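Since the structure comes first, as structure tokens, the remarks are kept for the end.
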Amino acid sequence: MQTIRVETASARYPVFAGVQLLRSLRPRLERVLDEEARATGGRAGLPRRVFVLTSPEIWALWSRRFLESFGEEPIVLFLPAGEQHKRLANVEKLARQMAAAGGDRSSLLIAFGGGIVGDVGGFLAAIFMRGIRYVQVPTTFLAQVDSSVGGKTGVNLPEGKNLVGSFHHPLAVFADMDVLATLPDRELKAGLFESVKAGMIRDRGLLRYMEANAQKIFQRDGKALEKVIAASIRMKADVVGADERENGLRMILNLGHTLGHAIESVTRYRKLLHGEAVGWGMVGALALGQKRGSISAAQFKRLMALVKLYGPLPALRLNAERLVAATARDKKHLGDVRRFVLPVGLGNACVVEDVTAEELLEAARFLLSMARAETGERKTARDGRHGA
Ligand SMILES: NC(=O)c1ccc[n+]([C@@H]2O[C@H](COP(=O)([O-])OP(=O)(O)OC[C@H]3O[C@@H](n4cnc5c(N)ncnc54)[C@H](O)[C@@H]3O)[C@@H](O)[C@H]2O)c1
Ligand SMILES: [Zn+2]
């Protein structure tokens, strides 16, 4: 097991990554709570009310393992799976269920699920009784390497994603790789693009490791997964520690996300998983990086090969102008300043504010030409199999 410490201006907490964590969750939780009690002078041990927020699917798969270490059952709250349920109405519904079940300021919430459960659970904990303690037990690869760490919580509005939320850090994160056993391949592969991103922006060693060990990673080899997960978490903890509120450095976490979010928004979040959209967005960022000279032609080739290695990404048929128009609504923009994250060499990144609409259009055209070609390649591969 690896323990990574997040230390920001407002919070310090451990992220545990390894196996067999769920099975021993209660004693682990008690240790974390005891430590917190020592630091704050509060009461040690589990509080009177412990709530678990999860989805019916995850609970069906993993409740037995979850409950192994809990003598007395925690109170289970459900959020249906799907981005459409990450909304304020559900936060109110869940808060009422907690109030009705005797939740108070000392209560603890365990967010047990993917990024959606984590974001809603974190936000619920941030505002219930003006803030209660919570822990994250992420169950998707993406949630383990990315969304459970860093304290961003929130929900969507019809006007856009994550438009209502707050910063609220968990007391601890328990990333148990065992639960990834039931995660569909497509979800795993999509999440891996956030790790590719982590390598590109800050960890050349992770890049090299992911180049050399893709097969092991796809086969969910325990050691390989632990290495990638821990390195990705370490990178995020590091960046968030330096810039909790995204005033500067934290922005680099958005590599591939300007065009990635635009792709998600134009396809109404229905066609691609988030990590897949970010994969295409990184292709655009690599093209722009090469054009601007922040990466060399050889580095461009190598990083493109890495993105390809973790593909194939779903094919796309979109209009480049529409895609660029959709980037205008990016939350990273301040007024008219268009922020864009560029890769710098191998394992570094920078934020630029002078990217022109023309340059973005060129990057969008490049990635869309690849995304159209992806259809052709896959079709050929399938035809080949049929022919054999
Ligand atoms: N707070 C942050 O910093 C941050 C960062 C990145 C993404 N996010 C948010 O995270 C969300 C996406 O998270 P996600 O990719 O984890 O998607 P998700 O939460 O929708 O989970 C994906 C699917 O996998 C299922 N699932 C989860 N764990 C499983 C398991 N172990 N076995 C089988 N099935 C399982 C879920 O039921 C769901 O159907 C988005 O809403 C995004 O905005 C937040
Ligand atoms: Zn992301």
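In terms of this note's numbering, the sequence shown has 180 at position 113, counting the first letter as 1, and numbering is strictly consecutive. Think of the CB as a built atom: it goes at the ideal place given N, C-alpha and C, for glycine as much as any other residue. Fair warning: this is a prediction, and the values are worked out from it, not measured in the lab.
Assign residue 314 to buried or exposed, taking buried as 16 or more other Cβ atoms, counted over all protein chains shown, within 10 Å of its Cβ. If you number the sequence shown from 1, residue 314 lands on position 247. Exposed, by the Cβ-count rule.
4-residue-minimum alpha helix (DSSP H) runs that sit fully inside the region 238 to 302, ordered along the chain: Every alpha helix (DSSP H) of 4 residues or more that sits fully in the region 238 to 302 is shown, in chain order, as 252 to 269, 271 to 279 and 281 to 285.
Give the secondary structure of residue 178 by DSSP, where H, G and I count as helix, E and B as strand, and everything else as coil. In the sequence shown, the residue the question calls residue 178 occupies position 111. When DSSP states are grouped into helix, strand and coil, residue 178 belongs to the strand group.
Contacting residues, own chain, Cβ-Cβ under 7 Å from residue 317 (five flanking each side not counted): Working through the sequence shown from its first residue, we reach residue 317 at position 250. If we look at residue 317 and ignore the five residues flanking it on each side, its Cβ neighbours are 306, 307 and 310.
If you compare alpha carbons, which of 364, 351 and 432 is closest to residue 388? Within the sequence shown, the letter at position 321 stands for residue 388. Looking at the Cα atoms, 432 is the closest of the given residues.
Alpha-carbon to alpha-carbon, residue 423 and residue 246: Locating residue 246 in the sequence shown gives position 179, where the first residue counts as 1. Locating residue 423 in the sequence shown gives position 356, where the first residue counts as 1. So the two alpha carbons sit approximately 44 Å from each other.
Beta-carbon proximity of residue 202 to residue 183, cut-off 8 Å: Here residue 202 refers to the residue found at position 135 of the sequence shown. Here residue 183 refers to the residue found at position 116 of the sequence shown. Not in contact: residue 202 and residue 183 (Cβ atoms no closer than 8 Å).
So, do the region 122 to 129 and the region 144 to 154 have three or more beta carbon pairs nearer to each other than 8 Å? yes
When every heavy atom of ligand 1 is checked, does at least one fall within less than 7 Å of the C-beta of residue 245? Along the sequence shown, one-based indexing puts residue 245 at 178. Not so, every heavy atom of ligand 1 lies at least 7 Å from the Cβ.
Under the three-state reduction of DSSP, which class applies to residue 449: helix, strand or coil? The residue labelled residue 449 in the question sits at position 382 within the sequence shown. Confidence at residue 449 is low in this model, with a pLDDT of 43, below 50, so its placement is unreliable and no value can be given for it.
Residues that residue 72 bridges to, as DSSP identifies them: Position 5 of the sequence shown, counted from the first residue, corresponds to residue 72. According to DSSP, which records beta bridges pairwise, residue 72 is partnered with 81.
Please return the same chain residues whose Cβ sits closer than 7 Å to the Cβ of residue 121, not counting the five positions on each side in sequence. In the sequence shown, residue 121 corresponds to position 54, counting from 1. Closer than 7 Å at Cβ, skipping near neighbours: 143, 145, 179, 180 and 184.
Taking Cβ to Cβ, would you say residue 257 is nearer than 8 Å to residue 135? Position 190 of the sequence shown, counted from the first residue, corresponds to residue 257. Position 68 of the sequence shown, counted from the first residue, corresponds to residue 135. No; because the gap between Cβ atoms is not below 8 Å, this pair is not in contact.
Would you call the region 103 to 122 and the region 262 to 270 touching, i.e. three or more CB-CB distances under 8 Å? no
Taking 7 Å as the cut-off, does the CB of residue 235 come closer than this to any heavy atom belonging to ligand 2? Here residue 235 is taken as the residue at index 168 of the sequence shown, counted from 1. Answer for residue 235: no, Cβ out of range of ligand 2.
With distance defined between alpha-carbon atoms, name the residue in 75, 279, 193 and 287 nearest to residue 374. Taking the first residue of the sequence shown as position 1, residue 374 is located at position 307. For residue 374, the nearest C-alpha among the options comes from 279.
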